Every structure is written in structure tokens, then in C-alpha cells.
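Residue numbers (my numbering), protein chains in the order written: chain A, 86 to 214; chain B, -5 to 247; chain C, 83 to 410.
Idealized CB from N, CA, C, for every residue including glycine.
Being a predicted model, the structure only gives us computed values, none of them experimental.
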């Protein structure tokens, strides 16, 4: 006996009512491997990570990425890379990015010459008198 | 004025093809073999529906009814689509192979039409170029993957689908009674020219995919659609498609 | 599209496992500061388990949710509706894809999630076990079920788990099209011919109870732990969400001259809260446990789809493929 559905597509598919008994669960890797997707919204923009997808190889990953991640939003280019090929310093090590306050030698605000210059001008004026 | 009949015939063929294949391909939405592919194939169906709408809109400017009426109230004898697009979706191999052979022809047809003397069509051709380029990229990638880079089973399925679909695809190029007129007026180079380009385009891809084009004794077996003679699949599909619309064709839905 | 599943199989009385108190304190302090938790952060086992369960059920709801509306995909009347319905059903699949990815970052594979759905071990939103009898039903689903889902999803997008929040933000953007499409569809039918008006009214009558079920049983009987609220896994109570939904949409339903099959439905001017006849919560339980009008069909269809696609997926499997959970 097959399913008689309100959906004519389903009725046409002639699905056995009890297909649970013949169902074999999906094996590992049935959905292939994962890819990370990056898109560039418009020329001049930095490419940005937008999400992940499953695909068997890079060619298919590109075919899939285009519609899953760019069917609505603006996009001028898409990159995909296998998740396993991405190397990270992960969030669990995010403390390595914390800097101590004594790092102003590499900040613009660490360099103020105004005072020296004023003092220098004052002294020079005084010696010229 | 006779150009008008020729032009309309061309537009009806294209619009009806796009409508019917869009409808067929949309039957996979939500039921595709891989979630990501489900999304991609549905987009392609939506694009095709959009193209058919644009073509019916051109027909409206030439005096035909507005697109919903044209698409949702005619019966099969008034349709000019080829048999290829009418068949039920079958397995994914059948749907993919049909998509590949149809979209390659669709892309090349629109390419030719970019220089059409009928300007609205030339403009439309330029507008849909990007979408169809993706359709062909999608189709060719799948055919090659399942043909040459897949399993023994996938190769066998793709070959047997090609054997079924290829003869039907030749029906795309069924000559019309207006070939000479369309060519002379610079509207369209003609079905024969298109078919030649199509063979040249699909051959290397099928070869790379380890798939062999079957011999076809009589291409005219798949003819008739362009004159309103269809397979037994079209009318039931139209009846289903228009079920709600027909409740009240004058109502706004 | 997703309601509130805390009731279905929440395990509020599980003994809380021993967690490292220092790590737990840091974790909770991060959430208190309004920061997001990311996949490789330390997290309590219960947090991980509850999130997997919730995101997975949300993903299943999208995939199964594609079926009731898909019922009319070949029959949508006219170009505009035909294209929009295709796009909407496609979006549901797309949302499922995004949500499965988010759940995967917590350590459960997509295969395992699909298997749990198909064996009945894992649930999905109850409303999708009801049939879409007419075109009017698709209009009501697209408007009101999506509206209910948006209330829930907007709340959850402010939760604590980064990947889930990001997926929901993307989903909410798309759902706003669904809502507009659904409303446009209902308005068109309600302001159309008598047949059309009757069609949408009948659909609304059919869907009212599932809609009232959508956000889950009342807070008085619903089980959810304080901890899930504290950890920003659960962002609003069932009653809060139901009230927000009623507040936003009942006036719009009435404005169209449509009626709701509950004579007791009104807003109490003193409390500012909606009062209504409690829907049949026994039916709710029965349907969740498998005895609804469409449960069997929904799962049988998904099994068929997976089975039909198996040769396609198998053909492209390679020993070199390696599963790594999505990064973020």
C-alpha cells in the first residue's frame, strides 16, 4: 500500500506506507565533508565568512555555496575551503589576544611631541632675546 | 505583420518550455537528494519561471493576454513546448540529464538572441545571461561528477538517462514554419544553427563524463510539441498546475 | 518555522552533573556580561545537550515544515504565487541547512540528527503534523505560523550561543519575506470573492488550535528550568510568546473581518493580557507522540527523499573525505 497524499507529488512517488521497516539509517559520512564559505558582498569589500555547508568536493561546494549563501544577498565572489584545511587560533585561546596597557609604543596615542616642541620653541625664543 | 506571427511562435516556444520545465523541476523542492542541492535546484526552477514570465510579458505587448491568463488557462493543444520538458521528473539522474541538455540549448539560444533585431528580446537575453550561466555550470558539474567521477551505479544511471533524454532533446530543435522569416528579419538564426552549436557544446562535456551520445535514427520522433501535439504527460500536469487558478480564473489570487 | 519545544522532552529533573565550579563561574559570568558562547568554549554538559536538542528540533521543523506548504507547490495560482511559494519552501530547506550546521558545531553530526528524526527519537514542531487541505491553508500557514515562529526566533536570536544566534539572524531576515507573502496572500483571499473568503476563513478555523498550541503549554504546567533561562538558552516563556503573537496578529485578523473560532478570545483591558479558551492540550500531547493526522506521512516522505538520494550521495563519497564540525 502506498501513501495517498494531499500533495500530488507525494502520491506520485508511490511511497510504501510502512517504509520504516525497510529504512536503513544513514551511514557516517553520508553527507560528505564540510566546507566553510566566504563571500564578498561588493567590489572593494573584505571577503567575509558566512557559514558552512556539506559537499563531496570543492566543485560541488561552489555549486552549492552560490545558492545557499548568495541567493538573496548581494555578492560578487564566493570562496570555499574545506573546514579541515583551516588552521585557527581558537576561541579557547582568545586570551592570547589580550594586551597589557603598556603597549602604547605601538599605538598612535603613544606618541605626543607637542609638549617638547612648545618647550623647545620657548627656550629658543628666550636665548635669542 | 507576418513577422509578428513568426516572432510570437518563437516566444511561445521559449516561454512554454521555460514554464513547463520550471514546474517539473520545482517538484523536487523539499525532496532533493542533498539539502544543499535541494536549494540550488529550486533556485534554477524559480529562475526558469521568471524567464517564462518575462517572455509571456513580451507576448502581452504583442497583443496576447496577460501572463497569468496565458499560462494558466490554455489547454495542451495551445502549448508550444517540446516533449522533453513534459515528462515527469523520474529519478534524479533523469531530471539532471534533462536539465543539462535543456539548459545548454537555453543558454545558446539566448546567446544568439542577444543580437536579435527584436530589441526587447535582445535585452531580455542579456538580462538572463548570468542566471543561465549558473544553470549550465550546475548541470555540467553534476553530469561530470556522476558520469566520470562517481560510482559504477551513477555512471550507469547517467548513461541510461542520456539514452532516454537525448532523443527527446532533439525535439527542442523542431523546425518551425517561420525559420526563413526569422532568419531573414534578423530575429533568430534558426533551430538548425542552434542545434549545431548545441551538439558542439554538449559533446566535450559528455565525453569528459564518459557518457556516449546514443544514435538516433529519426529525430522527428520527438517532434510535434511545437505544433501543439504533446505527450500524454502535459495535460494532466496542466490540470494540476491550474487547479486553484481555475476555481475562479477572473479572481485575483 | 519553529514553535516552542521545551515541553516535548525537556529533562528538567536531571541531576545536574558535577561541573568544575571555576569554569562554570567563568561561563556564567560571560553570559551575564552579554557575551556569546562560541563552539570551542568550555560549556556545561547540560548546556551543550539542551542546545543540541533545541537547535536540532528547530532544524527538523524546517525540513518537515517544507512538506505541508509543499503540498501546494505544483498548484499555486498564478506566476507571483508560484514563484513565491517555491522560494518560501526553498527557504525552509535553507534554514534547516543553517540550523543543522549550527547544531553540528556542538558535536552532533548531520547524519545522526537525520537518523534521530527518522526513527522518531527526535521531535519537530507539532503544527507540521496537520494537513494543508486547501490553498487557503498555505496562506494561513505562511502568515500566522511564520509569525509565531518569528516571535520565537527573534527571542532566541538574543540567546547565548553564537552559531545559533547567527543562523537565526539570517533566518529572521528571510522570514520577514515569508510573513509579508503570507499576509498578502491572506489579504488577497479575504478581500476577494466569496469563495476565496470562505476558503481562508475555513483554513483559519482549522489552524487556530494548532496555532494556539504553537508556543507550547501554559507556563503553569510547562517545564523549563531556571538554569536554561539563566544560560540564555530559553529567552521567553511560552505564555510571553503567545501573548506577543496574539497582540500582534489578532487585531490584524479581525481587521480583515475574519473570525477566530474562540468566542472567549479578548484582551483584558485591565491586565493588558489576552484571554482565551485553553486549546486541547491532550490532543497536543497525542499528536506530538505520533498520533496526529500527518505524522506518519511526514516521516515516510523524508525517508523516501533520503532513500531516493542515497545513490547520488554514495557516488561522490571518497575515503579522503574527512568530517570536521563546521567552525563557527
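- [ ] Indicate whether the contact test is met: 3 or more Cβ pairs, each with one atom in the region 9 to 24 of chain B and one in the region 146 to 159 of chain C, closer than 8 Å.
- [x] Enough Cβ pairs lie closer than 8 Å, so yes.
How should residue 94(C) be labelled, buried or exposed, when 16 other C-beta atoms within 10 angstroms of its C-beta is the threshold for buried? Reading the third chain from its first residue, position 12 is the one you call residue 94(C). Unreliable placement is indicated for residue 94(C), whose pLDDT of 49 sits below 50; no coordinate value is reported for it.
**Asked** At which residues does the beta strand (DSSP E) containing residue 125(A) begin and terminate?
**Response** Mapped onto the first chain, residue 125(A) falls at position 40. That run of the beta strand (DSSP E) goes 118 to 125.
Would you say residue 235(C) reaches chain A, if we count a Cβ-Cβ gap shorter than 8 Å as a contact?
Counting from one through the third chain, the residue named residue 235(C) turns up at place 153. Not closer than 8 Å to any Cβ of chain A, the Cβ of residue 235(C) fails to qualify, so no.
Between the C-alpha atoms of residue 158(A) and residue 118(B), what's the straight-line distance to the nearest angstrom? Within the first chain, numbered from 1, the residue matching residue 158(A) stands at position 73. Within the second chain, numbered from 1, the residue matching residue 118(B) stands at position 124. The straight-line gap from Cα to Cα measures roughly 22 Å.
Report task. Report the three-state DSSP secondary structure of residue 107(B) (helix, strand or coil). Result -> To locate residue 107(B), count along the second chain from 1; it is residue 113. It is helical.
ask   = Is residue 144(B) helix, strand or coil by DSSP?
value = Against the second chain, residue 144(B) aligns to sequence position 150. Judged by DSSP in its simplified three-state form, residue 144(B) adopts coil rather than helix or strand.
For a contact meaning CB atoms closer than 8 Å, what does residue 408(C) contact in chain A? Here residue 408(C) refers to the residue found at position 326 when the third chain is read from its first residue. Going along chain A in sequence order, the residues near residue 408(C) (Cβ under 8 Å) are 119, 121, 136, 137 and 168.
- Task: Decide if the region 395 to 405 of chain C is in contact with the region 141 to 161 of chain B; the criterion is three or more beta carbon pairs, one per stretch, under 8 Å apart.
- Result: Segments in contact, yes.
Would you check if the distance between the CB atom of residue 279(C) and the CB atom of residue 297(C) is smaller than 8 Å? Numbered from its first residue, the third chain carries residue 279(C) at position 197. Numbered from its first residue, the third chain carries residue 297(C) at position 215. No, the pair does not count as a contact, with Cβ atoms beyond the cut-off.
What are the start and end residues of the alpha helix (DSSP H) that includes residue 162(A)?
-> The residue you call residue 162(A) lines up with position 77 of the first chain. Taken as a continuous stretch (DSSP letters only), residue 162(A) belongs to no alpha helix (DSSP H), being part of the beta strand (DSSP E) at 162 to 167.
Along chain C, which residues have their Cβ under 9 Å away from the Cβ of residue 171(A)?
Sequence index remark: in the first chain, residue 171(A) carries index 86 (1-based). What residue 171(A) touches in chain C: 406 and 409.
* Tell me whether the beta-carbon of residue 245(C) lies closer than 8 Å to the beta-carbon of residue 121(C). => Reading the third chain from its first residue, position 163 is the one you call residue 245(C). Reading the third chain from its first residue, position 39 is the one you call residue 121(C). At a Cβ-Cβ threshold of 8 Å, residue 245(C) and residue 121(C) count as neighbours.
With 16 other CB atoms within 10 Å as the buried threshold, where does residue 201(B) fall?
Taking the second chain and counting its residues from 1, one reaches residue 201(B) at position 207. Exposed.
**Item:** Any C-beta of chain B under 8 Å from that of residue 114(A)
**Value:** Translated into the one-based positions of the first chain, residue 114(A) becomes position 29. Taking a beta-carbon distance threshold of 8 Å, residue 114(A) does not count as an interface residue toward chain B.
Checklist entry - How many Å lie between residue 411(C) and residue 43(B) at the Cα? => result Outside the modelled stretch of chain C, which goes from 83 to 410, sits residue 411(C), for which no answer is possible.
Original post:
Can you find a C-beta in chain C that's less than 8 Å from the C-beta of residue 43(B)?
Top reply: Taking the second chain and counting its residues from 1, the one referred to as residue 43(B) is at position 49. Chain C, which has a Cβ nearer than 8 Å to the Cβ of residue 43(B), makes this yes.
Less than 7 Å separating the Cβ of residue 124(A) from some heavy atom of the ligand ZN? Looking at this structure, you won't find the ligand ZN or any other ligand, since it has none at all.
* To do: Could you name the residues of the region 139 to 154 of chain A whose beta carbon sits closer than 9 Å to any beta carbon of chain F, in the order they occur along the chain?
  => Absent from the structure: chain F. Protein chains present are A, B and C.
- [ ] Identify whether residue 349(C) lies in helix, strand or coil by the three-state DSSP scheme.
- [x] Here the question's residue 349(C) lines up with position 267 in the third chain. Residue state, collapsed to three classes: strand.
| message | Does chain C have any CB closer than 8 Å to the CB of residue 247(B)? | response | Working through the second chain from its first residue, we reach residue 247(B) at position 253. By this cut-off, residue 247(B) is an interface position.
Using the C-alpha atoms, what's the distance from residue 258(C) back to residue 115(C)? Indexing the third chain from 1 puts residue 115(C) at position 33. Indexing the third chain from 1 puts residue 258(C) at position 176. In a straight line, the C-alpha of residue 115(C) is about 30 Å away from that of residue 258(C).
- prompt: Using a C-beta to C-beta distance shorter than 7 Å, which residues of chain C count as neighbours of residue 57(B)?
  reply: Counting from one through the second chain, the residue named residue 57(B) turns up at place 63. None at all; the shortest Cβ gap to chain C is about 19 Å.
Report task. Pick out the complete alpha helix (DSSP H) segments inside the region 114 to 143 of chain C, 4 residues or longer, and give them in chain order. Result -> The region 114 to 143 of chain C contains no whole alpha helix (DSSP H) run of 4 or more residues.
Nearest candidate by alpha-carbon position, reference residue 152(B), set 85(B), 37(B), 125(B) and 211(B):
The residue labelled residue 152(B) in the question sits at position 158 within the second chain. Closest option to residue 152(B), Cα to Cα, is 85(B).
List the residues of chain B that residue 381(C) touches, going by C-beta distances under 7 Å, in chain order. Position 299 of the third chain holds residue 381(C). None at all; the shortest Cβ gap to chain B is about 14 Å.
How about the region 180 to 195 of chain C and the region 203 to 214 of chain B: do they share at least three Cβ pairs that are nearer than 8 Å?
Not touching, per the Cβ criterion.
- Is the region 249 to 257 of chain C touching the region 342 to 353 of chain C, taking contact as three or more C-beta pairs under 8 Å? Contact fails between the region 249 to 257 of chain C and the region 342 to 353 of chain C, because fewer than three Cβ pairs, one in each stretch, are under 8 Å apart.
Compare the Cα-Cα distances from residue 363(C) to each of 283(C), 304(C) and 385(C) and report the closest residue.
Taking the first residue of the third chain as position 1, residue 363(C) is located at position 281. Nearest C-alpha to residue 363(C): 304(C).
Practice task
Flag this pair as touching only if the region 158 to 174 of chain C and the region 202 to 214 of chain C have three or more C-beta atom pairs under 8 Å; answer yes or no.
Solution key: These segments do not touch.
### Message
Quick check on this structure: which residue in 320(C), 100(C), 157(C) and 286(C) has the alpha carbon closest to the alpha carbon of residue 237(C)?
### Response
On the third chain, residue 237(C) is found 155 positions in, with the first residue counted as 1. Checking every option, the nearest Cα to that of residue 237(C) belongs to 320(C).
*Can you say whether residue 130(A) is buried or exposed, counting buried as having 16 or more other CB atoms within 10 angstroms of its CB?*
Taking the first chain and counting its residues from 1, one reaches residue 130(A) at position 45. Residue environment for residue 130(A): exposed (fewer than 16 other C-beta atoms within 10 angstroms of its C-beta).
>> Check whether the region 102 to 122 of chain A and the region 374 to 394 of chain C touch, using three or more Cβ-Cβ pairs below 8 Å as the test.
In response: At 8 Å Cβ cutoff, the stretches touch.
*Between residue 183(A) and residue 260(C), what straight-line distance do the alpha-carbon atoms span, to the nearest angstrom?*
What you label residue 183(A) is simply residue 98 of the first chain in a count that begins at 1. What you label residue 260(C) is simply residue 178 of the third chain in a count that begins at 1. If I take the Cα positions, the gap works out to 43 Å.
Ignore the nearest five residues each way along the sequence and tell me which others in residue 338(C)'s own chain have a CB closer than 8 Å to its CB. Translated into the one-based positions of the third chain, residue 338(C) becomes position 256. Here the set comprises 268, 269, 272 and 273.
For residue 216(A), go through chain B and note every residue whose CB falls closer than 7 Å to its CB, in chain order.
No statement about residue 216(A) is possible, as the shown extent of chain A runs from 86 to 214 and does not include it.
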